[in-house]
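Peer 1: Have a look at this one.
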Amino acid sequence: AQTLAGWLASRAANAGANPGPALAEFASARHLDRFITAGLTDFMPRIFATGLAPVEHACGAALLGMDLASPLRAPLAQHLLQGFRA
């Protein structure tokens with residue numbers, strides 16, 4: 129909501145009384161971010177629940193690596209919480 133409010137405020141002078149074009153532009157600009165976030169949040173539980181021991185062990189090792197290396201963890205957490213807009 130904060131991102132949308134900022135987007136609309138920056139385009140208020142051009143939009144006049146009709147916010148439709150600004151809203152359409154916002155939706156278009158955010159499409160890739162929403163697509164990646166939805167895909168990632170769908171993919172992660174699926175890969176962790178495959179039932180295949182080698183895949184699940186590799187996922188566990190990846191989580192351990194992310195836990196031990198905050199430079200790897202921070203970008204993922206930021207994207208999942210805030211998307212690309214941050």
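With the sequence shown counted from 1, adding 128 to any position gets you my numbering. We put the beta carbon where it would ideally sit given N, CA and C, even for glycine.
#1: According to the Cβ coordinates, are G211 and L200 closer than 8 Å?
#2: Note down the Cα distance separating S156 from A202, rounded to an integer number of angstroms.
#3: Within the same chain, show all residues whose beta-carbon is closer than 7 Å to that of L136, passing over the 5 residues directly before and after it, in chain order.
#4: Beta-carbon within less than 8 Å of L209's beta-carbon, same chain only, minus the 5 sequence neighbours each way: which residues are those?
Peer 2: In short:
#1: no
#2: 26 Å
#3: P147 and A150
#4: none
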